[in-house]
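Counting from 1, position 42 in the sequence shown corresponds to residue 42 in UniProt numbering; the numbering is continuous, with no gaps.
Just so it is clear, CB atoms sit at the ideal spot from N, CA and C, and this is done for glycine as well.
Scroll down for the structure; my scribbles are underneath it.
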Amino acid sequence: MPPKLIRLVFVLVLFTVDKRMIFLQFHKKNWKGHIYRLMRGKGL
């Protein structure tokens, strides 16, 4: 495999893992705060 291709694959894998981690973190921690902010914003 040429080094350029290896680098590309590495970056791609890193990017998808990073996105998944951010998504999981958001789901775990932020959903309560997010709903709270939404409700406050709507004045409920």
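Which residues bound the alpha helix (DSSP H) around residue i?
i    : result
Met1 : Here Met1 belongs to no alpha helix (DSSP H), and DSSP marks it neither H nor E.
At the level of alpha carbons, what is the spacing between residue i and residue j?
i     : j     : result
Arg20 : Leu14 : 10 Å
Met1  : Val17 : 22 Å
Tyr36 : Val11 : 36 Å
Arg7  : Lys32 : 38 Å
Leu38 : Phe23 : 19 Å
Gly41 : Gln25 : 23 Å
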